[in-house]
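Participant: What follows is a single structure, and I will ask about it in a moment.
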Amino acid sequence: MDSNLSQSFSFLCGELCNLLYVKDYNKSKINSLIDELNAKPYKGELFVSKHDASTLIIALCINVKPTDESLAAKASHLINSILSKQNLQFDLDFLCNVVSWHILCLKKCSDIIVPDILHNMQCILQVNPQLGIKFSEELVGPNGILLNFVNVDKSNMLNIQNPLQICLIALKSIISCLNAEDNNIGTLSIDLKERISQVVVKLLLKGSVKSQDEFLYCKVVIAALRVLSQLHFNDPKVSVPLPEVMGICRYFILYGLLNQGNKPEKIMPSQQTIAAPVIKTYPKGGKKQKLRKQRNNAIESLKKEIPVSDLSLMRDVDNFENNSAYKPASKNYLEPQKAKNCWALTSDSDMSDVESNREAKLIALKSRVRQSSSNLLLVLIKVTEKKDIFGYWWALLPDSLDKDTRFIDDGVKKTLAYCAITDPIASSRASVLSVILALLSGSRIYLSQAESR
């Protein structure tokens, strides 16, 4: 701990607290002191004592009114810096007062400082996910502040200047609330999970408009898909509106690869008969004839196409061939991998370096959208009955892959196979191949029925 920084912080903290408890305090002086405190290197150094931190945060939450927007925004930033960057542990009651103050600010302040207040609260929730469970009704309840920012019906009535930016931060805050379940800290009620799912599905079905920033829209989609993935992966009891979610998955798995409409459309399942169980006959006696295992040419050709270095995909192929239960290629498959861009920037090109770099980043971001959609589809395959998933095969897999028509036929283009063939990003192709393997390995009874016919 840097003693000079610690002494300086302690001195400024005492001076600020003394001013805050004066009835008609000097706003100009308080603004100046908070600015000095905000300028400290919280990320690089640990210099704040627990006593100074608790004294200062209590004084700010009691005396800074949410209606004083400029002061509230600066105070929120200071509180976030101390709580999320100084490695200090506080009891739950103390932290609850902090979140209550932030929620009050979000309800009363104008949309100008909403992004700042919301971002700071999201950082606090991320470090302390148990607070998301404690304030579940206020955050994601029927009139929860976070769901209101995400809900397409209510957000339009709020007249927010930056709806996409606020929606993105709200979704990240919801993810922080869901992380409590991952850490075995607590869980949201099934009703709240159902409500979150409905609101997020409605948001994704809304699609995009040309006036929106495509960078922000992609980030919103990635966060929304992750919310759905975590919801259904952690709690299979949450009902899945399959037609809508399947439409969302297919749309965003193909996002950036071909021209689609500006929004996803729900997909209805096909009618199919239930596969009859395979009846195995066992000989009653006599010498058993040893049969040679039939070589699977499709599996062998797939092995040849996969680089030797890509061991995770090779294991997937072996698992499928050996009839073992399918497992995702990566244990962190809820997290889309960041695609590496390899587009060189040259000043002599028609496109400037800045524009080229922006285009490369957008390509990588669209790839993350496709991977996030693949991850959600993997979760659906895991938690949904196989007979229900089988009804959507017609929309996910092509009838045939004729080399003469596979890049022309729209029916073939809007499938996982098209994505696996044409996606320029290797990690996205691997994600789609994982989904295809999961579909095939989970539906052997239907495949055996089709083969027998």
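Under the working numbering, read the sequence shown as residues 24 to 476, first letter to last. Just so you know, even glycine gets a beta-carbon here, dropped at the ideal spot from N, CA and C.
Could you give the DSSP three-state label for I135: helix, strand or coil?
Facilitator: One-based indexing of the sequence shown puts residue 135 at position 112. Three-state result, I135: coil.
Participant: Identify, in the order they occur along the chain, each residue of the same chain with its Cβ nearer than 7 Å to the Cβ of N185, setting aside the five sequence neighbours on each side.
Facilitator: Locating residue 185 in the sequence shown gives position 162, where the first residue counts as 1. Taken in chain order, the residues that qualify are P138.
Participant: With 16 other CB atoms within 10 Å as the buried threshold, where does S26 fall?
Facilitator: Taking the sequence shown and counting its residues from 1, one reaches residue 26 at position 3. S26 should be labelled exposed.
Participant: My output table needs one value for I245: the three-state DSSP class, helix, strand or coil.
Facilitator: Residue numbering aside, residue 245 sits at position 222 when the sequence shown is read from its first letter. In this structure, I245 counts as helix in the three-state DSSP scheme.
Participant: Go through its chain and collect everything with a Cβ distance to A96's Cβ below 7 Å, but skip five positions before and after it.
Facilitator: Numbered from its first residue, the sequence shown carries residue 96 at position 73. If we look at A96 and ignore the five residues flanking it on each side, its Cβ neighbours are I136, D139 and I140.
Participant: Would you call Y441 buried or exposed, if buried means 16 or more other Cβ atoms sit within 10 Å of its Cβ?
Facilitator: Residue mapping note: residue 441 aligns to position 418 of the sequence shown, counting from 1. Counting Cβ neighbours within 10 Å, Y441 comes out buried, since at least 16 surround it.
Participant: According to DSSP, simplified to helix, strand and coil, what is M144?
Facilitator: In the sequence shown, residue 144 corresponds to position 121, counting from 1. Reduced to three states, the DSSP call for M144 is helix.
Participant: On the DSSP letters alone, give me the boundaries of the alpha helix (DSSP H) that N185 sits inside.
Facilitator: The residue labelled residue 185 in the question sits at position 162 within the sequence shown. Note, N185: premise wrong, no alpha helix (DSSP H); not H, not E.
Participant: If you run the structure through DSSP and keep just helix, strand and coil, what is S332?
Facilitator: In the sequence shown, residue 332 corresponds to position 309, counting from 1. With a pLDDT of only 45 at S332, under the threshold of 50, the placement of this residue in the model should not be trusted, and no figure is reported.
Participant: Is it a yes or a no for the region 388 to 396 touching the region 409 to 416, going by three-plus beta-carbon pairs under 8 Å?
Facilitator: Taking 8 Å as the limit for Cβ pairs, the verdict is that the region 409 to 416 does not touch the region 388 to 396.
Participant: Locate the alpha helix (DSSP H) running through I80, then write down its first and last residues.
Facilitator: Here residue 80 refers to the residue found at position 57 of the sequence shown. Counting along the chain, the alpha helix (DSSP H) containing I80 begins and ends at K73 to N86.
Participant: Taking buried to mean at least 16 other C-beta atoms within 10 Å of its own C-beta, is F275 buried or exposed?
Facilitator: The count along the sequence shown starts at 1 and reaches residue 275 at position 252. Answer is buried; the Cβ neighbour count reaches 16.
Participant: Around the C-beta of A62, are 16 or more other C-beta atoms found within 10 angstroms, so that it is buried, or is it exposed?
Facilitator: As a working note, residue 62 is residue 39 in the sequence shown. A62 is exposed by the Cβ-count criterion.
Participant: How big is the Cα-Cα spacing for S99 and Q145?
Facilitator: On the sequence shown, residue 99 is found 76 positions in, with the first residue counted as 1. On the sequence shown, residue 145 is found 122 positions in, with the first residue counted as 1. Between S99 and Q145, the C-alpha separation is close to 11 Å.
Participant: Using the C-alpha atoms, what's the distance from C36 back to I53?
Facilitator: The residue you call residue 53 lines up with position 30 of the sequence shown. The residue you call residue 36 lines up with position 13 of the sequence shown. Rounded to whole angstroms, I53 to C36 spans 11 Å at the Cα level.
Participant: Using a threshold of 9 Å, state whether the C-beta atoms of I198 and Q253 are closer than that.
Facilitator: For the purposes of this step, residue 198 is taken as residue 175 along the sequence shown, with counting starting at 1. For the purposes of this step, residue 253 is taken as residue 230 along the sequence shown, with counting starting at 1. Against a cut-off of 9 Å, the Cβ pair of Q253 and I198 comes out as a contact.
Participant: Whole angstroms are fine: how far does the CA of E160 sit from the CA of H125?
Facilitator: Translated into the one-based positions of the sequence shown, residue 125 becomes position 102. Translated into the one-based positions of the sequence shown, residue 160 becomes position 137. Rounded to whole angstroms, H125 to E160 spans 15 Å at the Cα level.
Participant: Report, in whole angstroms, the separation of the C-beta atoms of A480 and L111, which I expect to be a contact under 8 Å.
Facilitator: In the structure as shown, the chain starts at 24 and stops at 476, and residue 480 therefore has no counterpart that could be examined.
Participant: Can the beta-carbon of K286 be found less than 9 Å from the beta-carbon of K233?
Facilitator: Your numbering for residue 286 matches position 263 in the sequence shown. Your numbering for residue 233 matches position 210 in the sequence shown. Result no, Cβ atoms of K286 and K233 do not sit closer than 9 Å.
Participant: Ignore the nearest five residues each way along the sequence and tell me which others in I459's own chain have a CB closer than 8 Å to its CB.
Facilitator: Here the question's residue 459 lines up with position 436 in the sequence shown. For I459, where only same-chain residues beyond five positions count, the Cβ hits under 8 Å are L420, L439, A440 and A443.
Participant: Below 8 Å, how does it come out for the region 247 to 262 and the region 277 to 284: are there three or more Cβ pairs, yes or no?
Facilitator: With a cut-off of 8 Å, the region 277 to 284 and the region 247 to 262 do not count as touching, because too few Cβ pairs lie within range.
Participant: Can you list, in chain order, the residues of its chain with a C-beta nearer than 8 Å to that of K130? Leave out the 5 residues immediately preceding and following it.
Facilitator: Residue 130 sits at position 107 when you count from the first residue of the sequence shown. Excluding positions up to five away in sequence, the list reads P89 and I168.
Participant: Would you kindly work out how many angstroms separate the C-alpha atoms of K405 and P266, rounded to a whole number?
Facilitator: Reading the sequence shown from its first residue, position 382 is the one you call residue 405. Reading the sequence shown from its first residue, position 243 is the one you call residue 266. Roughly 17 Å between the two C-alpha positions.
Participant: Quick one: using the 10 Å Cβ neighbour count with 16 as the cut-off for buried, is S212 buried or exposed?
Facilitator: Indexing the sequence shown from 1 puts residue 212 at position 189. Exposed, because fewer than 16 other Cβ atoms sit within 10 Å of the Cβ of S212.
Participant: Roughly how far, in whole angstroms, is the beta-carbon of H255 from the beta-carbon of L101, given that I think they are within contact range, below 8 Å?
Facilitator: By one-based count along the sequence shown, residue 255 stands at place 232. By one-based count along the sequence shown, residue 101 stands at place 78. Between L101 and H255 the Cβ distance is about 38 Å, and since that is not below 8 Å, they are no contact.
Participant: What does the alpha-carbon distance come out to for the pair G164 and D176?
Facilitator: As a position in the sequence shown, residue 164 is number 141, starting the count at 1. As a position in the sequence shown, residue 176 is number 153, starting the count at 1. Approximately 16 Å, taken between the alpha carbons.
Participant: Within the continuous alpha helix (DSSP H) that includes F113, where are the two ends?
Facilitator: In the sequence shown, counting from the first residue as 1, residue 113 sits at position 90. Element bounds for F113: n/a, residue is neither H nor E.
Participant: Tell me whether G284 sits in a helix, a strand or coil according to DSSP, three-state version.
Facilitator: As a first step, residue 284 is located in the sequence shown; it is residue number 261 there, counting from the start. If DSSP states are grouped into helix, strand and coil, G284 belongs with coil.
Participant: So, is E237 buried or exposed, given that buried needs 16 or more other C-beta atoms within 10 angstroms?
Facilitator: On the sequence shown, residue 237 is found 214 positions in, with the first residue counted as 1. It counts as exposed.
Participant: Just tell me which of D116, L401 and F113 has its CA closest to the CA of S454.
Facilitator: Numbered from 1 along the sequence shown, position 431 holds the residue referred to as residue 454. Taking only the C-alpha atoms, the option nearest S454 is L401.
Participant: Assuming contact is defined by CB atoms lying nearer than 9 Å, are L248 and L227 in contact in what I supplied?
Facilitator: Taking the first residue of the sequence shown as 1, we reach residue 248 at position 225. Taking the first residue of the sequence shown as 1, we reach residue 227 at position 204. It is a contact, given that the beta carbons lie within the stated cut-off.
Participant: For the alpha helix (DSSP H) containing T445, list its first residue and its last residue.
Facilitator: The residue labelled residue 445 in the question sits at position 422 within the sequence shown. Unbroken alpha helix (DSSP H) run through T445: L439 to T445.
Participant: My output table needs one value for Y349: the three-state DSSP class, helix, strand or coil.
Facilitator: As a working note, residue 349 is residue 326 in the sequence shown. Note on Y349: pLDDT 46, under 50, position unreliable in the model; the coordinate value appears next. It is coil, neither helix nor strand.
Participant: Pull up the distance between the alpha-carbon of K195 and that of A203, whole angstroms please.
Facilitator: Position 172 of the sequence shown holds residue 195. Position 180 of the sequence shown holds residue 203. Computed Cα separation, rounded: 13 Å.
Participant: Leaving aside the five residues before and after D371 along the sequence, list all residues of the same chain whose C-beta is less than 8 Å from its C-beta, in chain order.
Facilitator: Locating residue 371 in the sequence shown gives position 348, where the first residue counts as 1. Low confidence applies here, because D371 scores a pLDDT of 46, under 50, leaving its location unreliable and the question unanswered by this model.
Participant: Can you tell me whether K157 is buried or exposed? The criterion is at least 16 other CB atoms within 10 Å of its CB, across all chains shown.
Facilitator: Indexing the sequence shown from 1 puts residue 157 at position 134. Flag for K157 reads buried.
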